[in-house]
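A short worksheet on the structure shown next.
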Amino acid sequence: MSEENSKPDLNEDSNVLESHMDLIDASAASSRENHLRENGMEPVSLWVFLACGIALIIGGAVIGKGGSISFGALNDYVLNGYIQGDPPGGEVVEMQPKPIIDVFVKNGAKIYQAKCQGCHQSNGLGDGANYPPLGNSEWVTGETAALSQIIMNGLMGPIEVDGRVWNGAMPSQAAGMTAADLAAVMTYIRNSFGNETGDVVSVEMGENAIAKYKERGVAAGPIQVAELESKYKLNLEGEVVDPQVKVNPETLEKIEE
Amino acid sequence: MSNQLSNNLDSSLRTSIDRSVSNPVMFFFTSGAAWLAVAVLLGILTSVKSHWPSFLEGCGALNTGRAYIAHLNVLIYGWAFQAAFGTIVWLMARLCRKPSEKSGVILMAGHLWNLGVSIGIIGILLGKGTGVPWMEFPVATWVIFLICYVLIAVWSFIQFRVREGGHVYVSQWYLLSAIFLFPWIYGTANIFIFVFDGHPVMTSAIAAWYKSAVVLLFFIPIAIASAYYIAPKVTGRPVYSYNLAIFGFWSLMAVGPWAGMQKLMGAPLPPLLGYLGAGAAILFFIPAITVGLNILMTVRSNGERAKQSPSLRFTAAGIIALVTMGIFGIFLNLPSVLQGVQFSMSGYGYEMLALYGVFTMCMFGAIYFIVPRITMREWLSIRFIKMHFNLSVYGIIAIVIGSILGGYLQGNAQQAWDEPWMNAATSTYAWNVFNSFAWFFILISNLFFCLHLLLMWMRLGRRSNHPTLLIEKHGDSPHGLEGKIQTT
Amino acid sequence: MDPKRDTTLKRFGAFWIGLFIILSFGLATLLLSPFFTREIEDPALQKEYDARLAVKEEIDAAQATQLEYKENGESAQVPPKQAYKFTAKQLLESKPTKSDQVVPGSPTDLELNAKK
């Protein structure tokens with residue numbers, strides 16, 4: 001009642017008790033509330049102390065593992081022993097030597113999937129309109145220098161593949177391509193999709209290809225068939241490698257038997 | 258008769274306070290409940306997509322990355338914050354015995370908050386999320402949220418300053434600390450992540466810290482504040498031990514700010530940060546068990562009420578979840594276990610335990626207590642309340658155990674050196690299906706809750722002076738089973 | 746119900762105190778952080794940055810050659826933003842050629858079908 005501006009006039013037909021009762025009924029929920037009391041002083045069971053103590057010990061041990069708690073500790077960034085390095089047990093698994101052609105085809109397949117599959121499709125057939133197939137393609141199975149320069153520079157203008165003229169545009173794939181990658185992807189496409197050249201483009205040949213690419217110049221842009229036919233119809237320089245020689249799959253080095 | 262008079266004065270003061278805050282508080286609760294339904298739907302969607310990726314795959318806006326982030330952010334900023342605001346405003350007004358004079362401003366700030374959440378979730382679904390965990394709303398919205406927060410929170414502080422004097426209640430400690438800690442945490446995180454040009458690894462550490470701090474220092478204190486109000490109020494008994502309450506509060510404040518960076522253990526960060534975080538998360542057990550003991554013993558001293566009163570039941574369930582959270586916290590943050598579960602589902606399970614198990618259940622308890630008082634009606638249907646309670650409890654237990662256990666197994670599988678990674682990924686399949694079912698149950702429970710709350714909002718509740726209790730016990734009342742029906 | 750505790754002045758003061766406490770941490774961060782941050786100069790990291798930047802430059806240069814305008818005989822490489830304009834110009838300049846596709850329903854089509 002003190003919040004309102006005026007006190008109600010008491011007249012004969014207002015019953016204070018009744019209006020109180022109405023108020024109580026209307027706000028029945030708040031009327032029946034208990035008072036909030038916070039004066040409990042029950043003793044705490046010892047089991048709780050024990051549990052808290054155990055938690056404290058565990059937490060403290062974890063914090064202690066963190067080393068010294070100081071600003072100096074904020075200077076090192078390595079948590080030794082957290083990330084697994086060598087497998088538990090201690091033996092380092094030796095990579096089994098495999099024939100070089102298998103290793104290169106496997107690596108090349110990965111690179112093909114990342115870089116080439118988008119246009120030439122995973123079956124190497126191209127899309128029928130813009131991107132020529134790689135299977136049964138004389139450009140793929142022919143001279144390695146021409147193929148390598150197509151890959152490194154990109155291609156522009158008409159090219160005849162499998163009896164048909166294709167007039168798409170291929171972007172250069174040189175960005176990030178190492179000699180080993182180039183050798184691998186060339187070996188892969190020369191031995192897949194129906195092509196069976198059976199030979200390996202070695203890393204040395206890949207380096208030669210990159211040298212030719214740099215010699216031509218990055219700014220010269222995509223290459224055309226005329227230039228390929230005049231200058232690059234030859235094989236890359238490098239020692240011919242026996243496809244069945246065994247190599248370490250990681251380092252690509254020959255393993256002496 | 259003077260006792261009767263003081264009772265009448267008390268109840269008229271309570272009524273006037275309730276009436277003054279009824280608009281904003283009811284708005285916060287209803288809009289929060291609506292966002293909760295949206296969040297649960299998105300939770301189901303995320304969960305289903307994790308074992309059935311082609312579900313709704315045509316709809317780019319709902320792909321897993323966006324749905325999961327939208328689910329978490331709507332749950333937090335749409336539901337959890339609004340439930341928290343409603344509780345803060347009402348609880349502080351009641352405990353300071355002061356009607357609120359700025360309800361209009363608070364209501365307007367609430368509308369603005371909802372606008373911010375809507376903009377944020379649309380931004381996320383359109384792909385403009387920031388990618389920082391729990392801060393994915395587009396950067397501009399954090400200014401809106403900060404302004405709304407200030408508009409809502411500062412008046413609770415003013416009420417505290419002009420309160421009627423005397424005792425400062427335990428709930429008020431927790432409410433005040435939450436009111437001030439949140440903008441500190443929020444501002445710090447946003448300044449370091451979005452304003453300063455810091456080292457990216459450290460910004461992700463700060464994001465992990467924000468995740469933990471907002472739970473431990475805002476949501477958990479508000480849940481505890483509501484529990485410290487409802488438990489003694491509804492049971493009519495005093496809080497079990499006042500000293501334990503003091504200890505629980507200060508231990509939470511001591512432990513809370515340190516936790517969080519253990520998520521980045523092993524990253525190129527000073528290892529000290531990770532270990533401090535893990536240690537603090539383990540030590541969270543101490544305030545959890547303290548508060549749990551206090552509240553649950555208070556409830557136990559009048560156990561009958563827990564069976565009858567929906568608000569007490571939900572609150573007790575929430576506090577049991579708090580103790581569980583403390584226990585799981587010890588287990589999940591041991592560095593040897595952390596190695597495995599760092600990148601697994603367990604993190605999600607623990608977050609859901611905190612956000613849904615503890616906070617949301619305590620908020621449900623608060624809502625079931627507050628809404629009859631501000632709408633002057635009683636809840637309509639005992640069955641709705643029981644369905645809501647049972648399905649929520651089943652659902653959250655399922656999600657927490659499923660996620661934490663599944664995550665532990667997934668983590669171990671990920672650590673297996675010579676097994677392919679695919680094994681670890683496929684081992685989560687069964688757990689994800691389990692989670693989807695659990696979220697579905699939670700959706701049903703929330704549909705009941707939303708419907709019930711909407712009916713109350715429309716003032717279609719029962720007009721009676723008997724509360725809606727979960728056990729019929731008014732057979733011997735002179736007013737009969739239904740109580741005295743009001744006609745005014 | 747002591748009215749002296751609740752004055753407008755006290756409310757006004759409480760508002761500003763509350764606002765200050767809320768914003769204090771943010772203010773403190775903004776004020777103090779320049780004193781506590783430092784640039785990390787790690788020569789090993791710097792080498793890695795330089796190597797990465799060099800690779801990025803190389804790739805950018807290589808990709809830039811694809812975006813220039815280059816003519817080679819009949820076809821040309823046109824920057825993407827001008828592709829439509831260029832093609833449209835070409836189409837406008839070229840004359841329509843006779844194609845051997847038959848439009849269904851046209852007189853030629855009906856003739857052909859009548860003959861069958």
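Chains as they are written, first to last, in this note's numbering: chain A, 1 to 257; chain B, 258 to 745; chain C, 746 to 861. Ideal Cβ positions, reconstructed from N, Cα and C, are used throughout, including at glycine.
List the residues of chain A that residue i touches, going by C-beta distances under 9 Å, in chain order.
i	result
serine 713/C	No answer is possible for residue 713/C: it lies beyond the span of chain C, which begins at 746 and ends at 861.
valine 800/C	Ala175 and Gly176
Name the chain B residues whose beta carbon is nearer than 7 Å to that of residue i?
i	result
alanine 55/A	Ile539, Leu540, Phe542, Ile543 and Ile587
phenylalanine 760/C	Val411 and Ile415
May I ask you to report which of helix, strand or coil DSSP gives residue i?
i	result
arginine 719/B	strand
glutamine 261/B	helix
arginine 354/B	coil
arginine 750/C	helix
serine 2/A	Only weak support exists for where serine 2/A lies, its pLDDT of 48 falling under 50; the value from the coordinates is given anyway. Coil.
glutamate 160/A	strand
valine 247/A	strand
alanine 820/C	Contrary to the premise, residue 820/C reads as serine rather than alanine in this sequence. Correct three-state label for serine 820/C: strand.
isoleucine 83/A	coil
valine 165/A	strand
lysine 801/C	helix
leucine 155/A	strand
isoleucine 69/A	coil
serine 268/B	helix
From the beta carbon of residue i, is the nearest beta carbon of chain A less than 8 Å away?
i	result
serine 800/B	Coverage of chain B is limited to positions 258 through 745, which leaves residue 800/B absent and any answer about it impossible.
serine 816/C	Residue 816/C is actually glutamate in this sequence, not serine. Closer than 8 Å: no.
proline 528/B	yes
alanine 669/B	According to the sequence provided, residue 669/B is asparagine. The question's alanine does not apply to it. Asparagine 669/B does not count as touching chain A.
threonine 810/C	yes
glycine 384/B	no
glutamate 803/C	yes
valine 427/B	yes
List the residues of chain B whose Cβ lies closer than 8 Å to the Cβ of residue i, in chain order.
i	result
lysine 106/A	Chain B residues near lysine 106/A: none, gap ~17 Å exceeds 8 Å.
arginine 37/A	Pro489, Arg494, Pro495 and Val496
What in chain C is Cβ-close to residue i, meaning under 8 Å?
i	result
proline 767/B	Only positions 258 to 745 of chain B appear in this structure, which leaves residue 767/B out of reach.
Compare the Cα-Cα distances from residue i to each of the options and report the closest residue.
i	options	result
glutamine 173/A	Leu775/C, Ala807/C and Gly758/C	Ala807/C
leucine 17/A	Phe541/B, Asn265/B and Ile699/B	Asn265/B
phenylalanine 475/B	Asn500/B, Ile463/B and Ile436/B	Ile436/B
serine 70/A	Gly622/B, Leu610/B, Pro528/B and Glu608/B	Pro528/B
leucine 46/A	Trp347/B, Ile546/B and Thr581/B	Ile546/B
serine 702/B	Asn680/B, Trp714/B and Phe646/B	Phe646/B
glycine 384/B	Ala350/B, Trp441/B, Ala318/B and Ser428/B	Ala318/B
alanine 109/A	Glu253/A, Ser148/A, Leu182/A and Gly60/A	Leu182/A
leucine 648/B	Ile627/B, Leu700/B, Pro629/B and Ile661/B	Leu700/B
leucine 236/A	Glu204/A, Glu215/A, Lys115/A and Asn248/A	Glu204/A
Relative to the ligand MG, is the shortest distance from any of its heavy atoms to the C-beta of residue i smaller than 7 Å?
i	result
valine 62/A	What this structure holds is no ligand at all, so the ligand MG is not there to describe.
Using a Cβ-Cβ cut-off of 8 Å, state whether residue i counts as contacting chain B.
i	result
lysine 65/A	yes
leucine 719/C	The requested residue 719/C does not occur in the structure, where chain C is confined to residues 746 to 861.
arginine 756/C	yes
leucine 790/C	no
glycine 850/C	no
leucine 79/A	yes
valine 48/A	yes
By the criterion of Cβ-Cβ separation under 9 Å, what are the contact partners of residue i in chain C?
i	result
threonine 547/B	Simply none; closest approach about 27 Å.
glycine 221/A	Thr810, Gln811, Glu813, Lys815, Asn817 and Gln822
In chain C, what lies closer than 7 Å to residue i by C-beta?
i	result
valine 218/A	Ala806, Ala807 and Thr810
Using a Cβ-Cβ distance cut-off of 8 Å, determine whether residue i contacts chain C.
i	result
valine 472/B	no
serine 172/A	yes
isoleucine 448/B	yes
Could you work out which residues of chain A lie near residue i, taking near to mean beta carbons separated by less than 7 Å?
i	result
aspartate 454/B	Near aspartate 454/B there are no residues of chain A at all, since even the closest Cβ is about 19 Å away, more than 7 Å.
With three or more beta-carbon pairs closer than 8 Å as the criterion, would you say the stretch 239-257 of chain A touches the stretch 144-152 of chain A? No, the stretch 239-257 of chain A does not touch the stretch 144-152 of chain A.
Check whether the stretch 440-449 of chain B touches the stretch 763-779 of chain C, counting contact only when three or more Cβ pairs, one atom from each stretch, lie closer than 8 Å. yes
With three or more beta-carbon pairs closer than 8 Å as the criterion, would you say the stretch 606-617 of chain B touches the stretch 667-679 of chain B? no
Report yes or no: do the stretch 598-614 of chain B and the stretch 505-518 of chain B share at least 3 C-beta pairs separated by less than 8 Å? No, because fewer than three Cβ pairs between the stretch 598-614 of chain B and the stretch 505-518 of chain B fall closer than 8 Å, the two stretches do not touch.
Taking a cut of 7 Å between CB atoms, which residues from the stretch 222-235 of chain A lie near chain F? Protein chains A, B and C are contained in the structure displayed, whereas chain F is not.
Three CB pairs or more closer than 8 Å across the stretch 753-764 of chain C and the stretch 409-421 of chain B: yes
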